[in-house]
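Numbering follows the numbering used here, in which position 257 of the sequence shown is assigned residue number 257; successive positions increment by one, without gaps. The beta carbon of each residue, even a glycine, is placed where N, CA and C say it ideally should be.
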Amino acid sequence: MTSKDQNFDSHSKTFGKNIYGTIKGKIREAVLLRDLTDYLNNYRHDKTRPLTILDVGGGQGQVSLQLAKLGHQLVINDVSEQMLQQAKTNAEQQGLYNVEFIHCPLQSLPELLSEKQQAPFDLVLCHAVFEWLDDPQAAFTMLTELVKPNGAISLMFYNKVGQTLSNLVYGNFDYIDAGMAGKKVVKLNPQSSLNPEQVLSWIKEHQKEVLIKSGVRCFNDYMRDITMWQSKANEIIEKELTYSREYPYSDIGRYMHLLLV
């Protein structure tokens, strides 16, 4: 792990509440589970065999543990020991014993998995990790090496298009002119977005294809009446799901989710 890569040990206690305990996190979880369920039910080759799944930077396992509930064999990796401990607690509370936990940075993961003869996997998840890494392109290459030739990668990243639109809406013009860098860091707020075209070039380079593409938080952040985040949460999530795969809304989400094969 380089000096710029982020470890969330110091924020583990507030992570679940501040991320998945908000409307933003609930939208994220709904979109990811919708897309992953779509893949599992409609696109994978053998729908009867349990899959081997790797969750890279899986944190507390909010999404991947839902897949373990379906009977798939899961490995959760994270650089934060405290986040992994919470994931273990979550798994135990849900009675899930088909889950293994590996504490290490992403850069060390391929070697560790090779020693344990666990790689490659049928499905590799990597959600909201790249924006915290010093070299996301190298990380993408690692993901392609950890998945089986006929497997899939679920990649969600902080979308530069969505970040730019958000700062335009809020009038942060100087910040945009400065390349959206150098602003005071806010904990748990990603500081490094990725251009979707750049990510698509990596995908093409590694001869992968985009099977499913969804925007995450396409309109929620721009709602004028934020009291609706509580009073109309279910309706907001429903509409986010509806428009998340429709162009141009899919391209302006604060995050972008790609299911690659």
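Would you give the residue range spanned by the alpha helix (DSSP H) that residue 25 belongs to? 23 to 42
Contained beta strand (DSSP E) runs [length at least 3] in the stretch 36 to 87, N- to C-terminal order: 52 to 56, 73 to 78
Round the Cβ separation of residue 54 and residue 121 to the nearest angstrom and send it over; I've been treating them as touching at under 8 angstroms. 4 angstroms
Name the two residues that bound the continuous alpha helix (DSSP H) containing residue 114. 109 to 115
According to the Cβ coordinates, are residue 126 and residue 83 closer than 9 angstroms? no
Return the chain-ordered list of same chain residues with a C-beta closer than 7 angstroms to the C-beta of residue 36, the five sequence neighbours on each side being excluded. 67, 154
Distance, Cα to Cα, residue 117 vs residue 146? 11 angstroms
Which first and last residues belong to the beta strand (DSSP E) in which residue 131 is found? From DSSP, residue 131 is part of no beta strand (DSSP E); its letter is neither H nor E.
In this structure, does DSSP put residue 152 in helix, strand or coil? strand
Segment contact, 8 angstroms Cβ cut-off, at least three pairs: the stretch 246 to 259 with the stretch 48 to 64: no
Do you know whose CA, among 249, 220, 244, 252, lies nearest residue 22's CA? 220
Buried versus exposed call for residue 234 [16 or more other C-beta atoms within 10 Å across all chains shown]: exposed
Using beta-carbon positions only, say whether residue 91 and residue 123 come within less than 9 angstroms of one another. no
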